[in-house]
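In case it helps, the working numbering puts the first sequence at residues 6 to 688.
Cβ atoms here follow ideal geometry from the backbone N, Cα and C, with glycine treated the same way.
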Amino acid sequence: MTANDEKEQLEKLRAAIRHHAYLYYVQDAPEISDAEYDALFERLQKLEAQHPQWVTPDSPTQRVGGEPQAQFVKVRHPSPVLSLASAVSEAEVRAWYDRIARLLPSSYRPQFVVEPKIDGLTVVLHYEDGVFALGATRGDGDVGEDITANLRTVPSVPLRIPLPSDGHAAPSRLVVRGEAYMRISDLKELNRAQVEKGEKTFANPRNAAAGGLRQLDPAVTASRRIRLWVYSIISSSGPVPRTQWEVLQYLRQLGFPVNQDAALHDDLDSALAYAERWMAGRDDLPYEADGVVFKVNDLTIQEDLGVVGKDPRGMLAFKFAPRQATTRLKELGINVGRTGTLNPFAILEPVELGGVTIERATLHNFEDIARKDIRVGDIVVVKRAGDVIPQVERPLVELRTGAETVITLPKECPVCHSPAVKSEGEVAVYCVNPACPAQAVQRIIHWAAVMGIDGFGERLAQLFVDRGLLHDLADLYFLRPEDILALPGFAEKSTQNLLDSISASKTRPLPRLLAALGIRGIGDVVAEVLSHHVSSVDELGRATAEQLQQIPGVGPVNAANIVDFFASEQARRILAKLKRGGVRMEGEAPRAAATGPLSGKAFVITGTLPSLSREQATQLVTSNGGKVVDTVSKKVDFLLLGENPGSKLAKAEELGIPTLSEGQLRAMLQAPTGDGTRQGGSL
DNA sequence: CACCCTCGAGTTCC
DNA sequence: CTCGAGGGTG
């Protein structure tokens, strides 16, 4: 074989390998087996080894290797690489549309391209004379980092723009923007390998791709199975299509990998419908997406619309509200409850979920932690219960590195360092010190909330305790204006408001008072029942356990809790102080349950009512003889239904409980005699 | 004694 | 909202 023959064969091999790599990585439709591909590749390597002078930078063999770099060089982008404004609801997308429509000629109806928003790392690729010359991260949008050596190892990054099939000539200079990402399956594999090597695992594909591309040693990047999708042209020496849709076709023709799920729509409704449909199937995608991007198709219009900050007006990310996220559990925190319970919570690496950044989440209790085997350092799945309260669902055990630490029961209270105890057969762990300052703060907050001292929450309670102004809840009634005024954030007016609010709390109905004391196991409902059997706090204090157990809803445990409470030195002191402070400790005139058209009926309120606050609605129901309870159960007669109801509605439907609107409730009150309601017996 | 139903307690973020 | 557990019932 002559040298010329060999050179020709070498070129053919390269072309064949490029072709098959393109089919495999870009089209995802290989025509030959992996083994056949490997054979071609080995043959090329051998030829190049024999003729090093023929090795070119765009040869498929040049994807691997390269010298590790000392650091990344900064690269200025030819024009700013913009970011995206985002929306989390259809309403926000429509609001965006309304904003841009006002800037457009009134007769103009924009088309939209909807593209998946890939969870990856934005990269900028430069081609000189059709050859991959420079690749950079987005950085701050103006300046990124040169990661050319690493991007060369990514198989779907064309090292040379494949010759287009339809006669288009590749421009001599072309800069494109794309997203480097990992498939979910590849990430899993990578994490498995990381665990074996005892190295750090990745919580999501974006971190893995970003970590992979920011390796100083390209050989490491090469092992990461990173992929690419390209979706826009940043600059070109040749003609550029005038619409986004044509840009995607053009990039595809040039041989770049372009996501297949992009779609062109003639109006916003159609685009939104497509987006919703596509998002619904997101769990089945091989890659992670965090939403879609809406782009005004006409690029001239996009330019005319301009930029706000770094966000082009002509584009919008429509993110789906994820129901869960994964992040690292950095540390274990412990809260002290009002009753002395030590409650574990997770301190997390901040993660966005449903439009808010989550930094903490409840871990419920230590048994739950043990059952789920949650450890400090774990990557955990976090979700928001009822779309509000973050909780740690489970650890991703397969992502463990061995550096995680098992969570054990606390030995002592994190605040007062008294011993922590767990009684047999009980889940909760308690701080044994009744004088624990953390408990005092919680009891004060509870008192203030139940007695209706507005605006006195955790922050203030903590502040007042720290400053030595409050040692227990009864001290509230001995606060002096000058002490409050000296505190940060308080002036004349706010001081007076607080004092007025405290003063107003001195005369509350007996059930409020009983609930506010914070006796373990005694909440709103039991306090209400108790108030029908005693006329004052003192009378309750004199009751024996046997007497208390006669009261419905009070069993041996609650009876003992009540007796123990009144026997404690601390409680006696506080009760005496409350009396001195002028707090009324008796009920009003002997009370019988109010009677009226709603007698004997139990209501649950859900959602926002048109004209009544929750408190007003409760008042309205109780003053007409009805009862308002918090949870839907078989004993509930009606669900009072407002706007945006929560899960109570589903529960009520399940139990076949009728719902009422505020209007229907009012109509029931108007009715001369209820609808055959039995008169609730007064106790 | 084994269930079922309700209540209490604690929870996060804006 | 969720879970544990108290209280009542069969």
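Endpoints, beta strand (DSSP E) assigned at residue i
| i | result |
| --- | --- |
| residue 1 | This structure leaves residue 1 out entirely; the chain is present only between 6 and 688. |
| residue 690 | The requested residue 690 is not part of the displayed model; the chain covers only 6 to 688. |
| residue 461 | Unbroken run through residue 461: none, as it is neither H nor E. |
| residue 324 | 320 to 324 |
| residue 129 | 126 to 133 |
| residue 149 | 148 to 150 |
| residue 645 | 643 to 646 |
| residue 141 | 136 to 142 |
Cβ separation of residue i and residue j, assumed to be a contact under 8 Å, to the nearest whole Å
| i | j | result |
| --- | --- | --- |
| residue 762 | residue 563 | Outside the modelled stretch of the chain, which goes from 6 to 688, sits residue 762, for which no answer is possible. |
| residue 346 | residue 434 | 7 Å |
| residue 165 | residue 137 | 7 Å |
| residue 307 | residue 317 | 6 Å |
| residue 416 | residue 400 | Not confirmed; about 23 Å, so no contact. |
| residue 118 | residue 249 | 4 Å |
| residue 301 | residue 115 | 5 Å |
| residue 36 | residue 28 | 6 Å |
| residue 633 | residue 662 | Contact doesn't hold; Cβ gap of about 14 Å is too wide. |
Close-in-space but distant-in-sequence residues of the same chain around residue i (CB under 6 Å, 5 per side omitted)
| i | result |
| --- | --- |
| residue 575 | 439 |
| residue 720 | Residue 720 lies beyond the stretch modelled for the chain, which goes from 6 to 688, so this question has no answer here. |
| residue 284 | 325 |
| residue 582 | 479 |
| residue 452 | 478, 521 |
| residue 554 | 564 |
| residue 237 | 182 |
| residue 481 | 507 |
| residue 486 | 500 |
| residue 689 | Here the chain covers residues 6 to 688 and nothing more, so residue 689 does not appear. |
Cβ shell of residue i (< 8 Å), same chain only, five flanking positions each side left out
| i | result |
| --- | --- |
| residue 410 | 380, 381, 382 |
| residue 441 | 341, 345, 418, 420, 421, 423 |
| residue 12 | 56, 59 |
| residue 470 | 442, 445, 446, 449, 476 |
| residue 230 | 187, 188, 191, 194, 195 |
Start and end residues, alpha helix (DSSP H) containing residue i
| i | result |
| --- | --- |
| residue 637 | Neither: residue 637 is in no alpha helix (DSSP H) and is coded neither H nor E. |
| residue 571 | 561 to 572 |
| residue 451 | 442 to 455 |
| residue 590 | Where residue 590 is concerned, there is no enclosing alpha helix (DSSP H), given that its DSSP letter is neither H nor E. |
| residue 498 | 497 to 509 |
| residue 304 | 304 to 310 |
| residue 668 | 667 to 675 |
| residue 254 | 249 to 259 |
| residue 486 | 486 to 490 |
| residue 512 | First-last for residue 512: undefined, no H or E at that position. |
| residue 656 | 653 to 660 |
| residue 156 | 153 to 157 |
| residue 550 | 550 to 554 |
Cβ neighbours of residue i in the same chain (closer than 7 Å, five flanking residues each side left out)
| i | result |
| --- | --- |
| residue 668 | none |
| residue 176 | 241, 242, 243 |
| residue 3 | Summary: the structure shown does not reach residue 3, with the chain confined to residues 6 through 688, and so no result is reported for it. |
| residue 550 | 564, 565, 568 |
| residue 151 | 77, 78, 80, 139, 141 |
| residue 543 | 590 |
| residue 163 | 137, 260, 261 |
| residue 255 | 246 |
| residue 84 | 239, 240 |
| residue 279 | 119, 268, 270 |
Residue i Cβ short of 7 Å to the ligand ATP heavy atom set
| i | result |
| --- | --- |
| residue 667 | Ligands displayed in this structure: none; no statement on the ligand ATP is therefore possible. |
Considering only residues of the region 179 to 242, which uninterrupted beta strand (DSSP E) runs meet the minimum length of 3 residues and lie entirely inside it, listed in chain order?
-> With a minimum length of 3 residues, the continuous beta strand (DSSP E) runs that stay inside the region 179 to 242 are 232 to 241.
Would you be able to state if there are at least three C-beta pairs under 8 Å between the region 599 to 611 and the region 621 to 630?
-> Because the criterion of three Cβ pairs below 8 Å is met, the region 621 to 630 and the region 599 to 611 touch.
Residue ranges of each alpha helix (DSSP H) within the region 516 to 548, 4 or longer = Look at the region 516 to 548 and you find these whole runs of alpha helix (DSSP H), each 4 residues long or longer: 529 to 536, 542 to 547.
Curious, which full-length alpha helix (DSSP H) runs of at least 4 residues does the region 43 to 120 contain?
-> Counting only runs of 4 or more, we get 95 to 106.
Which ranges does the beta strand (DSSP E) cover as unbroken runs of at least 3 residues, wholly within the region 262 to 299, from first to last along the chain?
-> Along the length of the region 262 to 299, whole beta strand (DSSP E) runs at least 3 residues long occupy 268 to 270, reported in chain order.
Contact between the region 85 to 93 and the region 183 to 190: three or more CB pairs below 8 Å?
-> Inter-segment contact for the region 85 to 93 and the region 183 to 190 is absent: fewer than three beta-carbon pairs are separated by less than 8 Å.
Kindly confirm or deny that the region 100 to 110 and the region 198 to 213 touch, where touching means at least three C-beta pairs closer than 8 Å.
-> At 8 Å Cβ cutoff, the stretches do not touch.
Touch test, the region 309 to 317 against the region 359 to 375, Cβ-Cβ under 8 Å, three pairs minimum = No, because fewer than three Cβ pairs between the region 309 to 317 and the region 359 to 375 fall closer than 8 Å, the two stretches do not touch.
Return the chain-ordered ranges of every beta strand (DSSP E) run that is complete within the region 336 to 411 and spans a minimum of 3 residues.
-> As far as the region 336 to 411 is concerned, its whole beta strand (DSSP E) runs of at least 3 residues are 347 to 358, 361 to 367, 384 to 390, 394 to 400.
Check whether the region 53 to 68 touches the region 207 to 216, counting contact only when three or more Cβ pairs, one atom from each stretch, lie closer than 8 Å.
-> Not touching, per the Cβ criterion.
Any chance the region 252 to 265 sits against the region 212 to 226, with 3 or more Cβ pairs inside 8 Å?
-> Counting Cβ pairs under 8 Å, fewer than three are found: no touch.
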